[in-house]
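Here the protein sequences line up with chains R and Z, keeping their order.
Using our numbering, you'd call the opening residue of the first sequence number 24 and step up by one each time.
Using our numbering, you'd call the opening residue of the second sequence number 24 and step up by one each time.
First up is the structure itself, then whatever we jot down about it.
Number of protein chains: 2
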Amino acid sequence: MLDKNLQITIVGLGLLGGSYAQGFYEAGYTVNGIDTDENAVQYALQQGWIKKGSTDVSLLKESDVVISTLYPLVLKEWIQANGCLLKAGSIITDVTGVKRQIIDVVNANIPETVEFIACHPMAGREFRGIQYADAHRFHDANFIIVPTEHNTKKAIDLAEDIAHALKFQRISVLTAEEHDEMIGYLSQLTHVIAVSLMNMSDNEHLVSLTGDSFRDLTRIANINEKLWPQLFILNKDYLVKEIDGFIHEMESFKQMIETEDEEGMKEKLLQSTERRKKFDRK
Amino acid sequence: MLDKNLQITIVGLGLLGGSYAQGFYEAGYTVNGIDTDENAVQYALQQGWIKKGSTDVSLLKESDVVISTLYPLVLKEWIQANGCLLKAGSIITDVTGVKRQIIDVVNANIPETVEFIACHPMAGREFRGIQYADAHRFHDANFIIVPTEHNTKKAIDLAEDIAHALKFQRISVLTAEEHDEMIGYLSQLTHVIAVSLMNMSDNEHLVSLTGDSFRDLTRIANINEKLWPQLFILNKDYLVKEIDGFIHEMESFKQMIETEDEEGMKEKLLQSTERRKKFDRK
Numbered sequence: 024m025l026d027k028n029l030q031i032t033i034v035g036l037g038l039l040g041g042s043y044a045q046g047f048y049e050a051g052y053t054v055n056g057i058d059t060d061e062n063a064v065q066y067a068l069q070q071g072w073i074k075k076g077s078t079d080v081s082l083l084k085e086s087d088v089v090i091s092t093l094y095p096l097v098l099k100e101w102i103q104a105n106g107c108l109l110k111a112g113s114i115i116t117d118v119t120g121v122k123r124q125i126i127d128v129v130n131a132n133i134p135e136t137v138e139f140i141a142c143h144p145m146a147g148r149e150f151r152g153i154q155y156a157d158a159h160r161f162h163d164a165n166f167i168i169v170p171t172e173h174n175t176k177k178a179i180d181l182a183e184d185i186a187h188a189l190k191f192q193r194i195s196v197l198t199a200e201e202h203d204e205m206i207g208y209l210s211q212l213t214h215v216i217a218v219s220l221m222n223m224s225d226n227e228h229l230v231s232l233t234g235d236s237f238r239d240l241t242r243i244a245n246i247n248e249k250l251w252p253q254l255f256i257l258n259k260d261y262l263v264k265e266i267d268g269f270i271h272e273m274e275s276f277k278q279m280i281e282t283e284d285e286e287g288m289k290e291k292l293l294q295s296t297e298r299r300k301k302f303d304r305k
Numbered sequence: 024m025l026d027k028n029l030q031i032t033i034v035g036l037g038l039l040g041g042s043y044a045q046g047f048y049e050a051g052y053t054v055n056g057i058d059t060d061e062n063a064v065q066y067a068l069q070q071g072w073i074k075k076g077s078t079d080v081s082l083l084k085e086s087d088v089v090i091s092t093l094y095p096l097v098l099k100e101w102i103q104a105n106g107c108l109l110k111a112g113s114i115i116t117d118v119t120g121v122k123r124q125i126i127d128v129v130n131a132n133i134p135e136t137v138e139f140i141a142c143h144p145m146a147g148r149e150f151r152g153i154q155y156a157d158a159h160r161f162h163d164a165n166f167i168i169v170p171t172e173h174n175t176k177k178a179i180d181l182a183e184d185i186a187h188a189l190k191f192q193r194i195s196v197l198t199a200e201e202h203d204e205m206i207g208y209l210s211q212l213t214h215v216i217a218v219s220l221m222n223m224s225d226n227e228h229l230v231s232l233t234g235d236s237f238r239d240l241t242r243i244a245n246i247n248e249k250l251w252p253q254l255f256i257l258n259k260d261y262l263v264k265e266i267d268g269f270i271h272e273m274e275s276f277k278q279m280i281e282t283e284d285e286e287g288m289k290e291k292l293l294q295s296t297e298r299r300k301k302f303d304r305k
């Protein structure tokens with residue numbers, strides 16, 4: 024269980040940072056918060072979610088645990104500027120949706136006495152800002168811990184304790200390679216598909232004719248335009264591979280349509296039906 | 024309002040034919056039903072949804088209105104064999120999800136005294152068989168009437184009366200070209216995308232890591248493998264055009280990822296977000 028005497032500081036009080044603060048508060052923990060936006064800090068203070076709040080980094084020197092909820096490219100800049108300020112013996116963790124590059128850059132910019140343990144709470148949504156914070160969304164979400172060979176058991180246990188304190192439904196452990204490959208397929212490719220389907224044609228006149236299928240496939244085309252390009256860029260090798268694989272599958276199906284290969288299509292539809300059933304929520 | 028004295032016969036008592044029979048029954052109409060499967064006929068009789076049922080086509084000669092719920096290629100064969108049996112002065116309609124080819128083949132195989140009015144109730148689902156019939160699903164579904172220049176007001180009015188009797192939420196009127204183009208994009212392309220995303224890789228080990236996005240995009244990968252290849256083949260010109268347009272959009276986005284064009288991606292995501300908001304259910 025997470026030690027209640029640890030000084031925990033959340034860096035970034037947006038949708039996710041605010042939800043973390045709320046979740047810790049509701050679980051009986053005391054945390055502090057940092058954000059460059061004074062309004063976000065005041066909101067967290069007024070809600071009672073954080074004890075101390077600041078727009079500068081002075082809280083770092085007294086923090087045993089630092090949780091960055093910054094966007095990936097923002098975290099890269101922030102750690103280059105502030106990594107040296109982290110307290111000796113402290114642990115820093117994060118929430119970013121891509122891992123290999125983040126792990127490398129954070130480790131390169133923190134003192135030897137500080138340990139970074141990478142985490143990915145899979146609980147994003149299309150809204151942004153602390154006013155949309157909702158820690159209860161964690162209760163049916165996955166929390167992924169992404170340790171490297173250099174991580175200690177102490178740091179990995181701490182990551183698990185955080186997930187338990189915030190009441191995540193499930194904890195998984197993946198390598199950075201496994202994580203980024205999985206995210207490239209399950210999350211990033213699906214968002215590129217939804218955006219492309221929405222953008223490919225001027226479709227406003229079709230609203231009244233639209234059924235559930237199209238709405239399902241484009242729900243995530245309503246997307247945070249600041250965050251996702253950063254995620255795509257930091258995972259571009261895997262993402263491009265997934266896009267190529269998907270286009271190859273589409274081209275192959277298109278050829279069956281063109282040649283009126285009814286049997287070939289039937290096999291593909293049977294396969295997709297069988298596979299999809301395994302993904303039904305239990 | 025639909026005349027209660029009309030002799031109405033439903034051809035095909037599956038998911039949709041059964042739902043039609045149930046809907047007419049619940050609205051106080053008496054209809055008859057035909058299916059080659061004796062069990063389906065018995066089921067409809069036992070539910071009280073049809074008054075007379077048969078596995079042959081003898082009911083046609085006394086029917087003022089014939090509603091085919093057959094799959095498109097089955098309807099093509101059926102009308103070639105039985106079109107000449109339709110009663111003089113009767114009207115035949117359908118439920119198929121593609122229109123240009125169906126309109127041509129039905130009109131070529133019915134007597135001059137019979138009129139075909141094409142309809143598309145947009146209320147399909149992944150289940151099949153009369154045991155899944157549910158007329159209440161029509162209450163939030165679109166009913167599309169697809170008249171040609173040869174259709175009379177009487178036939179178009181009858182199609183509207185059917186939609187009203189079955190309590191469809193909305194009635195739209197489109198040309199066959201408009202219908203098939205719209206369906207190629209909103210429905211057929213989305214199904215090809217879902218099937219391709221599901222089939223492109225062996226993904227069973229990812230079930231425990233899967234979030235809402237992937238589940239949303241693949242829900243319709245659970246698909247009727249007998250019906251959809253027929254729909255794809257009968258609309259292949261439009262569908263192939265939509266697949267090409269979609270792949271072009273994906274390739275263009277992929278290039279932005281490869282060149283790390285953060286601003287270009289932002290614009291695309293802002294566009295998709297703005298467009299998607301118009302598709303939110305009111």
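Glycine included, every Cβ here is placed at the ideal spot set by N, Cα and C.
| Query | Result |
| --- | --- |
| Residues of the region 286-297 of chain Z whose Cβ lies closer than 7 Å to any Cβ of chain R, in chain order | Met288, Lys289, Lys291, Leu292, Leu293, Gln294, Ser295, Thr296 |
| Ranges of the beta strand (DSSP E) found wholly within the region 112-150 of chain R, counting only runs of at least 3 | 114-116, 138-145 |
| Buried or exposed by the 16-neighbour rule on C-beta atoms within 10 Å, applied to R/Leu181 | buried |
| R/Ile167 in three-state terms, based on DSSP | strand |
| Rounded C-alpha distance that separates Z/Gly35 from R/Gly37 | 56 Å |
| Collapsed DSSP secondary structure at R/Asn62 in the structure displayed | helix |
| Short Cβ contact (7 Å threshold) for R/Gln30 with R/Glu100 | no |
| Reference Z/Ile185; option with closest CA among Z/Leu250, Z/Ile115, Z/Glu135 | Z/Ile115 |
| Proximal chain Z residues relative to R/Glu248, where beta-carbon distance stays under 7 Å | Lys289, Leu292, Leu293, Thr296 |
| Limits of the unbroken alpha helix (DSSP H) element including R/Gly287 | 285-301 |
| Best match in R/Phe302, R/Phe139, R/Leu109 for proximity to Z/Gly234 [C-alpha to C-alpha] | R/Phe302 |
| Spatial neighbours of Z/Ser113 in its chain, beta-carbon cut-off 7 Å, leaving aside the 5 residues before and after | Ser86, Asp87, Val88, Val89, Val137 |
| Inter-residue spacing [alpha-carbon to alpha-carbon] between R/Met205 and R/Phe237 | 25 Å |
| Coil, strand or helix - R/Arg304 by DSSP | coil |
| Limits of the alpha helix (DSSP H) - the one that Z/Thr241 falls within | 235-241 |
| Beta-ladder partner(s) of R/Ile194, from DSSP | R/Phe166 |
| CA nearest to the CA of R/His202, picked from R/Val128, R/Lys27, R/Leu293, R/Val118 | R/Val118 |
| For R/Thr32, the residue or residues it bridges with in DSSP | R/Asn55, R/Val89 |
| Contact list for R/Thr32 against chain Z, beta-carbon separation under 9 Å | Correct list: empty, because the minimum Cβ distance to chain Z is about 28 Å. |
| Cβ-based neighbour list, R/Leu82, same chain, cut-off 7 Å, excluding 5 preceding and 5 following | Thr32, Asn55, Ile57, Lys75 |
| The region 101-109 of chain R / the region 117-134 of chain R touching (three or more Cβ pairs under 8 Å) | yes |
| From R/Leu229, R/Met223, R/Leu93, R/Asp127, residue whose alpha carbon lies closest to that of R/Asn174 | R/Asp127 |
| Whether Z/Ile125 touches Z/His143 by CB criterion (7 Å) | no |
| Minimum C-alpha distance to Z/Val97 - residue among Z/Gln69, Z/Ile246, Z/Ser77, Z/Thr59 | Z/Thr59 |
| Against chain R: residues of the region 102-124 of chain Z by CB proximity under 8 Å | none |
| Contacting residues, own chain, Cβ-Cβ under 6 Å from R/Ala146 (five flanking each side not counted) | Arg160, Phe161, Ala164 |
| Residue closest to R/Glu227, alpha-carbon to alpha-carbon, out of Z/Leu262, Z/Ser91, Z/Ser295, Z/Pro95 | Z/Ser295 |
| Exposed unless 16 or more other CB atoms sit within 10 angstroms - verdict on Z/Ser210 | buried |
| Rounded C-alpha distance that separates R/Asn222 from Z/Arg298 | 8 Å |
| Which of helix, strand or coil DSSP assigns to Z/Ser23 | Since the first residue shown for chain Z is 24 and the last is 305, residue 23 of chain Z is missing from the structure and cannot be characterised. |
| Buried versus exposed, by CB contacts within 10 Å (16 or more), Z/Thr241 | buried |
| Interface residues of chain R facing Z/Leu262 [CB-CB closer than 7 Å] | Ile280 |
| Residue-chain proximity (R/Lys277, chain Z), Cβ-Cβ < 7 Å | yes |
| Residues of its chain near R/Leu257, where Cβ-Cβ distance is below 6 Å and the 5 sequence neighbours each way are ignored | Pro95, Val121, Gln124 |
| Test: Z/Ala156 CB closer than 7 Å to a CB of chain R | no |
| Three-way DSSP call (helix, strand, coil) for R/Gly152 in this model | coil |
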